[in-house]
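Note sheet for the following structure.
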Amino acid sequence: METNAAAMPRPAALGLSILSAVLVLIALTDAFAEPDLWGYLNFGRMFFNEPGFPCRDFLAYTPTHPDWVFHEWLTGVVLYRLWEATGPAGIQVLKYILGCLTAFLLFLASRRRGAALKHSLYFFLAGGAFFSWAFPAFRALCFTYFFFALFIFVLETARINENFRRLWILPLIMALWANLHGGFPAGLGLIGLYAAGRFWEGRRYSSYLKVLAVCILATLINPYGLGLWTAIAGHLAEPQAGVREWVSVPGAWVHFGPSYDLLIFLACVGFALGMLVLYGFQDKVFTLIFLTTAFLGMVHHRHMPFLVLAAGAYGPFLFQEVCCGEKRKTKVRTCAILFVLLFALVMAACNIKYFVLKTPIVINGGNPLALNTPAQPYAPGTDALFYPVHAVDYLETAGFSGNILPYATWGGYVSWRLYPRCKVAMDLRFETVYPKKVRDEYFRFLQAGAGWRDFLVRHPHDIVLIYRGGALHKSMSREPGWREIYKDENTVIFSKEGG
59 METNAAAMPR PAALGLSILS AVLVLIALTD AFAEPDLWGY LNFGRMFFNE
109 PGFPCRDFLA YTPTHPDWVF HEWLTGVVLY RLWEATGPAG IQVLKYILGC
159 LTAFLLFLAS RRRGAALKHS LYFFLAGGAF FSWAFPAFRA LCFTYFFFAL
209 FIFVLETARI NENFRRLWIL PLIMALWANL HGGFPAGLGL IGLYAAGRFW
259 EGRRYSSYLK VLAVCILATL INPYGLGLWT AIAGHLAEPQ AGVREWVSVP
309 GAWVHFGPSY DLLIFLACVG FALGMLVLYG FQDKVFTLIF LTTAFLGMVH
359 HRHMPFLVLA AGAYGPFLFQ EVCCGEKRKT KVRTCAILFV LLFALVMAAC
409 NIKYFVLKTP IVINGGNPLA LNTPAQPYAP GTDALFYPVH AVDYLETAGF
459 SGNILPYATW GGYVSWRLYP RCKVAMDLRF ETVYPKKVRD EYFRFLQAGA
509 GWRDFLVRHP HDIVLIYRGG ALHKSMSREP GWREIYKDEN TVIFSKEGG
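Below is the structure:
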């Protein structure tokens, strides 16, 4: 708790709290319908409208795995019910609730560790753009980030109070987490790291191991049993090449260029490492969590948020101890302040970039409770950020029924609009549904390079729906047996002759 001398004046504390909350809400505001959303809704529709549990693929006509393990199945069930009851607004409200609760749990965990109010809130002022990156639109990952923050709060509360009975709520949370998203191993990892940190400190750790064992058993309470673990292990062992979120940080920097999320992550690495070194690695638990999350984030782009979440919970107290502790030497405090200034400057730059680039999109998006499916890319070359709305309207109006080969980004949307009359060749479920050979053929087709026809001739496509312009459009225009039947500003449809 803060002493009277350290406490902020009440008006300043209230103003800082309100400003932090506003920044988080602005960062969370995004009305774009994430492409994964259609996969959740497609599963939910089948779950409620077809007999039995959907354990085999029903959307594709290309070869698929014999069993479909959808580790986000409960997310699909929840979102479909929300969509049916409230439309897009319910899904958006759920995202805002999860994002705000995640921020609040990080704040509470920081305060539990003894950080002053102002230091706990500085994280949101400097790194508010993080929530734009972690919660840009609804994905099942939103549940994982929320549960990760919740686990930190519960684990930290038990550690500080030495009341380990509170840990037994974690298996109940884990059973829910394992059915909402496949990121649940992050929670198991947290418990293991707390146990290892306690062991390093020479303190009691057996309670953590007992809870960890029960949490592992709790993950088996799902429709797939051990198959869930097998599927996730395969998913991690064989990530889809070329997908940004599975690229390493150096790879993302080289292939996609610097971006505010990479800068946030690298700034957090520098900040946390600097604080730990200057603090003499006295915080064994955070040392282990930092090393683990930094490594995972460096290896895979999609794991970067875990370090930022951890920094929000543990960083403020470290900063307070190193920079503001009365017993620290002046030299140490000066070095620490330089580290924090560097961190703050990078964070400020990221926030400015976020507001400059994203605010017009948020404003033009209109209703923050809507889920937009824009028919135009917001910038040239960003075909992943728009949908073939008019092309699908054309197919729907024409009463088309058959097999459609779309961009994978559009596959779920096409299925949501046209299933069961139409099936798709590929969507974003990639390695969870499609064998590697099929995926490799598909990506060669998209690149219109050597062997691009393999995917075109080996599967019974009736329609090809692709981005207008580029190498693939030119190749399809010259391909015998296919004719262009529709074209708008951004998309083009080819139909097999005689079809």
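Counted the way this note's numbering counts, the sequence shown spans residues 59 to 557. Ideal Cβ placement from N, Cα and C applies to all residues, glycine included. In this text, all values refer to a predicted model and were calculated from it rather than measured experimentally.
Same chain, Cβ closer than 6 Å to residue i, neighbours up to 5 away in sequence not counted
| i | result |
| --- | --- |
| GLU130 | ALA198, HIS239 |
| ASN461 | TYR119, LYS481, PRO518, HIS519, ASP520 |
| PRO229 | VAL272, CYS273, ALA276 |
| ALA192 | TYR203, PRO363 |
| TRP164 | Sequence check: residue 164 is Leu here, not Trp. Closer than 6 Å at the Cβ level, and outside the excluded window around LEU164, lie ALA207, GLY370, ALA371. |
| ASP559 | Nothing about residue 559 can be reported from this structure: the residues present for the chain run from 59 to 557 only. |
| ASP485 | ALA466, GLY469, GLY470 |
| LEU166 | PHE211 |
| THR351 | PHE364, LEU365, ALA368 |
Residues sharing a beta bridge with residue i, DSSP
| i | result |
| --- | --- |
| ASN430 | PHE90 |
| SER168 | SER168 pairs with nothing; no bridge assigned. |
| CYS480 | GLY460 |
| ARG576 | The chain is shown from 59 up to 557; residue 576 falls before or after that span and cannot be answered. |
| ILE521 | ILE462, SER553 |
| ALA118 | VAL482 |
Neighbourhood of residue i by C-beta, 7 Å cutoff - its chain only, sequence neighbours within 5 removed
| i | result |
| --- | --- |
| PHE101 | PRO112, PHE128, TRP131, GLY134 |
| THR122 | ASP115, VAL491, TYR492 |
| PHE449 | Here residue 449 turns out to be Ala, not Phe, going by the sequence shown. Cβ within range, chain order: LEU523, TYR544, ASP546, THR549, ILE551. |
| LYS176 | MET66, LEU74 |
| GLU454 | ARG475, LEU476 |
| PRO374 | SER168, ALA173, HIS177, SER178, TYR180, PHE181 |
| VAL305 | HIS313, HIS359 |
| SER535 | GLU542 |
| ARG487 | GLY97 |
| GLN378 | ALA173, ALA174, HIS177 |
| PHE205 | ILE231, TRP235, GLY245 |
Residue i, buried or exposed, once every other Cβ within 10 Å from all chains shown has been counted against 16
| i | result |
| --- | --- |
| THR490 | buried |
| ALA63 | Confidence at ALA63 is low in this model, with a pLDDT of 43, below 50, so its placement is unreliable and no value can be given for it. |
| PHE181 | buried |
| SER264 | exposed |
| GLY97 | buried |
| GLN515 | In the sequence as presented, Gln is not what sits at residue 515; that position holds Val. Under this definition VAL515 is an exposed residue. |
| PRO418 | exposed |
| VAL414 | exposed |
| PRO69 | exposed |
| ASN107 | exposed |
| PHE237 | The residue asked about is misnamed: residue 237 is Asn in this sequence, not Phe. Burial call: buried. |
| PRO478 | exposed |
| LEU399 | exposed |
| LEU294 | exposed |
| ASN280 | buried |
| THR61 | Its pLDDT being 48, under 50, THR61 is placed unreliably by the model, and nothing is read from it. |
| ILE227 | exposed |
| GLU499 | buried |
| ASP341 | buried |
| GLY439 | Residue confidence is low: GLY439 scores 47 on pLDDT, short of 50, so the model does not pin down where it sits. Its coordinate-derived value is still stated next. By the 10 Å Cβ count, GLY439 comes out exposed. |
| MET59 | Summary for MET59: the model assigns pLDDT 48, below 50, so the residue's position carries little reliability, and this model does not support an answer. |
| PHE353 | exposed |
| PHE196 | buried |
| LEU530 | buried |
| ALA161 | buried |
| ARG497 | buried |
Cβ separation of residue i and residue j, assumed to be a contact under 8 Å, to the nearest whole Å
| i | j | result |
| --- | --- | --- |
| LEU81 | LEU183 | 7 Å |
| ALA369 | ALA330 | 5 Å |
| MET333 | LEU396 | So it is not a contact: roughly 12 Å between Cβ atoms. |
| SER533 | ALA508 | That pair is no contact at about 12 Å. |
| ALA433 | ALA89 | In fact, because the Cβ distance is near 14 Å, the residues do not count as touching under 8 Å. |
| HIS270 | ALA253 | Correcting the residue identity first, residue 270 is Leu in this sequence and not His. Confirmed, about 7 Å. |
| GLU142 | ARG170 | Between ARG170 and GLU142 the Cβ distance is about 39 Å, and since that is not below 8 Å, they are no contact. |
| SER473 | LEU117 | 5 Å |
| PHE209 | GLY245 | 5 Å |
| PHE201 | LEU156 | 7 Å |
| SER558 | ALA79 | Residue 558 cannot be examined here, being either before or after the span of the chain that is shown, 59 to 557. |
Residues near residue i by beta carbon distance below 8 Å, same chain, minus five either side
| i | result |
| --- | --- |
| ASP441 | Low confidence applies to ASP441: its pLDDT is 45, below 50, so where it sits in the model is not reliable enough to give any reading. |
| GLY292 | GLU489 |
| MET405 | ALA184, GLY185, ALA187, ILE322, ALA325 |
| LEU284 | LEU278 |
Residue i at chain B interface by Cβ criterion, 8 Å
| i | result |
| --- | --- |
| GLY338 | Absent from the structure is chain B; it holds one protein chain and no more. |
Touch test, the stretch 313-328 against the stretch 211-229, Cβ-Cβ under 8 Å, three pairs minimum: no
Touch test, the stretch 356-364 against the stretch 269-278, Cβ-Cβ under 8 Å, three pairs minimum: no
Stretch pair the stretch 147-156 + the stretch 519-530: three plus CB contacts closer than 8 Å: no
Touching by the beta-carbon criterion (3+ pairs, under 8 Å), the stretch 89-100 and the stretch 462-480: yes
Three or more C-beta pairs below 8 Å linking the stretch 136-151 and the stretch 306-317: no
Cβ contact check for the stretch 334-346 and the stretch 245-264: 3 or more pairs under 8 Å: yes
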